[in-house]
Amino acid sequence: MASLSLEHVGKKYPNGYEGVKDFNLEIADKEFIIFVGPSGCGKSTTLRMIAGLEDITSGTLKIDGRVVNDVEPKDRDIAMVFQTYALYPHMTVYENMAFPLKLRKVDADTIDKAVREAARILDLEKLLDRKPSALSGGQRQRVAMGRAIVRAPKVYLMDEPLSNLDAKLRVQMRAEISKLHDRLGATIIYVTHDQTEAMTLGTRIVVMKDGVMQQVDTPTKLYNEPCNLFVAGFIGSPQMNFIDVKVSEKGAGVALTFGSNTITLTGPKAKALKDGGYVGKVVIMGIRPEDVVEEHEYAEGRTLSETFPANVTVYELLGSEAMIYADVDGGQISAHLSASSSVRTGSKINCSVDLAKIHLFDKQTELAIAH
Amino acid sequence: MANLATSKAGSDRNRTFLMILIPVLVLFVAFNTIPLLTGFFYSFTNSKGYGPFEIIGLQNYIDLFQDARVGNSYLFTFKLAVVSTILVNVLSLILAIGLSSKIKFKSALRGLYFVPRILGALVVGYVFTYFFTYIVPAVTGTDSILASADWAWIGIVVVLVWQACAQTTIIYITGLSSVPEDVYEAGALDGATGWDKFRYLTFPLIMPSITTNMVLVMKDMLMVFDQIVAMTGGGPANSTESISYLIYENGLNNSQFGFQCANAVLFFILIAVVSIAQTKFLNSKEEQL
Ligand SMILES: Nc1ncnc2c1ncn2[C@@H]1O[C@H](COP(=O)(O)OP(=O)(O)O)[C@@H](O)[C@H]1O
Ligand SMILES: [Mg+2]
Chain A
1 MASLSLEHVG KKYPNGYEGV KDFNLEIADK EFIIFVGPSG CGKSTTLRMI AGLEDITSGT
61 LKIDGRVVND VEPKDRDIAM VFQTYALYPH MTVYENMAFP LKLRKVDADT IDKAVREAAR
121 ILDLEKLLDR KPSALSGGQR QRVAMGRAIV RAPKVYLMDE PLSNLDAKLR VQMRAEISKL
181 HDRLGATIIY VTHDQTEAMT LGTRIVVMKD GVMQQVDTPT KLYNEPCNLF VAGFIGSPQM
241 NFIDVKVSEK GAGVALTFGS NTITLTGPKA KALKDGGYVG KVVIMGIRPE DVVEEHEYAE
301 GRTLSETFPA NVTVYELLGS EAMIYADVDG GQISAHLSAS SSVRTGSKIN CSVDLAKIHL
361 FDKQTELAIA H
Chain E
1 MANLATSKAG SDRNRTFLMI LIPVLVLFVA FNTIPLLTGF FYSFTNSKGY GPFEIIGLQN
61 YIDLFQDARV GNSYLFTFKL AVVSTILVNV LSLILAIGLS SKIKFKSALR GLYFVPRILG
121 ALVVGYVFTY FFTYIVPAVT GTDSILASAD WAWIGIVVVL VWQACAQTTI IYITGLSSVP
181 EDVYEAGALD GATGWDKFRY LTFPLIMPSI TTNMVLVMKD MLMVFDQIVA MTGGGPANST
241 ESISYLIYEN GLNNSQFGFQ CANAVLFFIL IAVVSIAQTK FLNSKEEQL
């Protein structure tokens with residue numbers, strides 16, 4: 001398989017628009033890399049530059065150490081699964097999957113074996129004689145996968161391969177792709193705008209925004225230590241809460257004040273705020289809904305802050321648990337509750353936050369100060 | 001009430017429909033259907049186009065198959081049509097691919113290539129006659145090809161192809177633009193570039209346009225008339241006498257009205273058969289997309 005290296009890769013479209021700026025990434029063999037970010041952030045552009053479908057306007061792309069900037073797509077030994085599947089409409093499923101091998105002048109027996117093996121893995125054996133027009137979305141998706149895997153390429157590129165499927169099928173195919181990765185031991189680069197897909201599939205995730213790479217990390221690190229406000233807000237659903245808090249010195253620690261509420265923080269985070277010169281300034285406190293604790297909820301093992309009052313404005317029962325959205329003095333907050341909680345819309349409750357899970361961001365630069 | 005209202009609206013719509021339809025139908029019957037049927041009738045007569053005539057049954061049809069001049073005109077017309085149709089389609093497809101690629105002044109060039117289409121066939125014929133009679137011989141020092149019984153047909157092919165390419169190219173451009181870009185991108189990764197790209201992707205995917213163009217161009221070419229009038233008048237030595245030209249010339253000018261009506265009926269049937277056969281054959285090559 002293969003390793004990839006992108007060094008200062010950039011894309012400037014003919015109209016002058018910079019789709020991707022200074023993209024740097026080392027991808028090791030067998031990694032499952034996810035490009036995630038909102039629509040229009042340059043994920044597809046980056047992927048298409050790797051595929052060779054889009055010219056690289058600055059920087060270097062290497063596959064297995066060889067610079068491939070000017071190598072034809074077909075000679076990069078890369079297979080791509082398109083969002084639209086891009087099946088050949090005039091060929092049967094079998095012919096679609098056999099096509100890349102046929103063009104490489106592989107002998108018919110070998111082609112047949114490869115196609116049937118792929119069909120078996122993807123459960124397409126009964127559909128081999130059909131044209132794409134006679135297939136469902138999920139089946140087309142699997143054919144597109146099949147066409148990629150028969151070639152056993154160095155790298156698989158997938159551009160939002162599941163976004164045209166319904167929710168149930170998407171979850172199912174997500175699991176299939178994950179299995180496929182283990183089984184093929186392949187290097188995969190996968191584009192999605194869906195952070196859940198990113199979190200469940202990736203060994204590493206690249207978060208992008210406006211053509212600029214924001215952070216590259218494992219799912220856990222991204223979730224627990226987002227490098228800036230954008231990443232913190234993008235990863236995790238429902239979104240992380242953000243509240244403007246004023247920092248003031250309080251004994252060995254600091255006090256974070258929002259409205260008439262105060263939370264006392266000690267330890268490394270307090271030190272980071274002090275060392276960073278944030279005392280007397282306003283910073284952004286980030287806290288995920290599951291780390292906001294209503295006073296009657298189970299909180300063993302957590303170091304809770306002082307409580308503050310909140311008025312519940314929305315209550316949503318999700319089945320095994322519930323979400324609330326509440327007004328607090330100086331902001332708004334959402335929180336997870338157990339389904340058995342008696343809190344409802346209109347309830348006046350007292351909340352606290354898990355001090356270990358507080359994130360702090362600079363209000364100007366939006367960069368993380370401490371986690 | 002509701003029913004009444006809808007049926008009233010329905011009859012209003014019917015009236016509009018009829019008002020549009022009837023005038024067109026009357027004109028069509030008067031200038032197309034009636035002449036067609038009259039012509040069919042005259043094909044069983046020995047009419048000269050004027051004066052008295054007698055009904056002679058199938059005699060005209062029997063004579064048709066023994067008339068050398070008629071036979072030659074069929075040979076000439078089919079040779080001309082087949083050669084021109086193939087040339088037009090090959091050249092148009094090449095042009096269309098060129099005009100569909102990423103080039104500068106694409107719209108302007110597309111407009112330019114459409115100009116022959118809007119010029120009258122007679123005008124084009126006369127311009128090319130001048131070109132073949134005076135300009136080409138002046139440059140090459142040879143005789144005009146239009147004066148040679150062996151080569152005059154080539155001159156006609158040139159004109160026919162030059163003019164027919166316009167519309168054919170436009171249809172191919174439309175066909176090419178209907179092929180999804182992502183199919184080509186998948187092809188680029190799978191290794192379908194250059195000739196393979198054309199052979200395995202473009203060609204099968206534009207088969208519907210190929211069918212349309214083959215049938216349309218073949219029909220037009222079989223009915224070639226204006227260019228013959230302008231360029232050779234069927235000569236030299238009747239070597240470029242197309243079927244339409246023969247029907248017109250001998251039917252209206254040389255008192256063979258009944259006979260040439262029979263020729264026209266035969267020709268009509270032949271064109272229908274050719275078009276249907278072409279469509280059938282090419283449809284079987286079209287992919288079920
Ligand atoms: N051919 C093009 N010319 C100019 N701008 C483009 C072109 N293709 C894409 N863009 C722009 O580049 C940005 C990134 O696009 P893309 O990579 O497709 O985003 P996404 O992350 O949704 O896949 C978008 O703002 C898009 O409008
Ligand atoms: Mg995209």
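These protein sequences, in sequence, are chains A and E.
Residue 314 in our numbering sits at position 314 of the first sequence, and the numbers go up by one each step.
Residue 92 in our numbering sits at position 92 of the second sequence, and the numbers go up by one each step.
Glycine included, every Cβ here is placed at the ideal spot set by N, Cα and C.
Flag this pair as yes or no: are the beta carbons of residue i and residue j separated by less than 8 Å?
i, j, result
"I27(A)", "T187(A)", "yes"
"A118(A)", "I78(A)", "no"
"Q215(A)", "V231(A)", "yes"
"T129(E)", "M231(E)", "yes"
"I34(A)", "A198(A)", "yes"
"S341(A)", "H296(A)", "yes"
"L103(A)", "D182(E)", "no"
"A339(A)", "E316(A)", "no"
"L128(A)", "A114(A)", "no"
"G276(A)", "I369(A)", "yes"
"M91(A)", "G146(A)", "no"
"I56(E)", "F44(E)", "yes"
"H193(A)", "V36(A)", "yes"
"R76(A)", "G42(A)", "no"
"I349(A)", "S334(A)", "no"
"F258(A)", "G331(A)", "yes"
"I86(E)", "L176(E)", "no"
Please list, in chain order, the chain A residues whose beta carbon lies closer than 8 Å to that of residue i.
i, result
"T193(E)", "E72 and K74"
"L93(E)", "Per Cβ cutoff of 8 Å: no residues; L93(E) is ~17 Å from chain A at best."
"L291(E)", "As shown, chain E starts at 1 and ends at 289. That puts residue 291(E) outside it, with no answer to give."
Could you list which residues in chain A have their beta carbon closer than 9 Å to that of residue i, in chain order?
i, result
"L205(E)", "Y88, P89 and H90"
"L201(E)", "Y88 and H90"
Find the nearest neighbour of residue i within the set the options, judged by alpha-carbon distance.
i, options, result
"V90(E)", "Y172(E), Y184(E), L201(E) and S284(E)", "Y172(E)"
"I243(E)", "A237(E), I103(E) and N263(E)", "N263(E)"
"L360(A)", "F308(A), A326(A) and C227(A)", "C227(A)"
"D210(A)", "E31(A), L25(A) and S44(A)", "S44(A)"
"D217(A)", "H8(A), N15(A), E31(A) and V9(A)", "E31(A)"
"P219(A)", "G331(A), N261(A), T203(A) and H8(A)", "T203(A)"
"G40(A)", "G137(A), G52(A) and M208(A)", "M208(A)"
"G111(E)", "T169(E), G233(E) and P180(E)", "T169(E)"
"K74(A)", "I118(E), L18(E) and A192(E)", "A192(E)"
"L153(E)", "G125(E), P180(E), N14(E) and S178(E)", "One point to set straight first is that residue 153(E) is Trp, not Leu, in the sequence displayed. For the residues G125(E), P180(E), N14(E) and S178(E), the minimum Cα distance to W153(E) belongs to G125(E)."
"S178(E)", "V24(E), G141(E) and P208(E)", "P208(E)"
"T57(A)", "E95(A), P38(A), D109(A) and K11(A)", "K11(A)"
"D375(A)", "M158(A), Y88(A) and L6(A)", "This structure leaves residue 375(A) out entirely; chain A is present only between 1 and 371."
"K285(E)", "P180(E), Y134(E), Y42(E) and T212(E)", "T212(E)"
"P180(E)", "V115(E), G233(E) and L205(E)", "L205(E)"
"M214(E)", "A121(E), V123(E), Q167(E) and K106(E)", "Q167(E)"
Could you list which residues in chain E have their beta carbon closer than 7 Å to that of residue i, in chain order?
i, result
"A51(A)", "L189"
"F99(A)", "D190"
"L103(A)", "D190, G191, A192 and D196"
In chain E, which residues lie less than 9 Å from residue i when you measure between Cβ atoms?
i, result
"M80(A)", "E185, A186 and L189"
Anything in chain E within Cβ reach of residue i, meaning under 8 Å, just list it in chain order.
i, result
"T84(A)", "P180 and D182"
"Q337(A)", "Residue 337(A) is actually Leu in this sequence, not Gln. Those do not exist, as L337(A) stays about 46 Å from chain E at its closest Cβ, beyond 8 Å."
Is residue i close to chain D, meaning its C-beta is less than 8 Å from at least one C-beta of that chain?
i, result
"R183(A)", "Although the question refers to chain D, the structure presented lacks it and instead comprises the protein chains A and E."
Answer yes if the region 253–264 of chain E comes into contact with the region 48–67 of chain E, meaning at least three C-beta pairs across the two stretches below 8 Å, and no otherwise.
yes
Unbroken stretches of the alpha helix (DSSP H), 4 residues or longer, contained in the region 229–275 of chain E:
243–248
Contact between the region 276–294 of chain A and the region 352–364 of chain A is defined here as three or more beta-carbon pairs at a separation below 8 Å; is this criterion met?
yes
Please list the segments of the beta strand (DSSP E) lying wholly inside the region 252–339 of chain A, counting only runs of 3 or more residues, in order along the chain.
253–258, 261–265, 282–287, 292–294, 308–317, 321–328 and 331–338
Complete alpha helix (DSSP H) runs within the region 124–169 of chain E (minimum length 4 residues, chain order)
136–140
Does the count of Cβ pairs from the region 148–164 of chain A and the region 80–100 of chain A closer than 8 Å reach three?
yes
Segment contact, 8 Å Cβ cut-off, at least three pairs: the region 274–283 of chain E with the region 205–220 of chain E:
yes
Contact between the region 173–187 of chain A and the region 6–22 of chain A (3+ Cβ pairs under 8 Å)
no
Any chance you could list the beta strand (DSSP E) runs of at least 3 consecutive residues sitting entirely within the region 75–150 of chain A, in chain order?
78–81
List, from N- to C-terminal side, the beta strand (DSSP E) runs of 3 residues or more that fit wholly inside the region 204–257 of chain A.
204–209, 212–217 and 241–250
Specify whether the region 82–98 of chain E and the region 118–138 of chain E touch according to this definition: at least 3 beta carbon pairs, one from each stretch, less than 8 Å apart.
no
Taking the runs of the alpha helix (DSSP H) that are 4 residues or longer, which of them lie wholly in the region 184–238 of chain E?
207–222 and 226–231
Every unbroken beta strand (DSSP E) within the region 60–127 of chain E, with a cutoff of 3 residues, ordered by chain:
none
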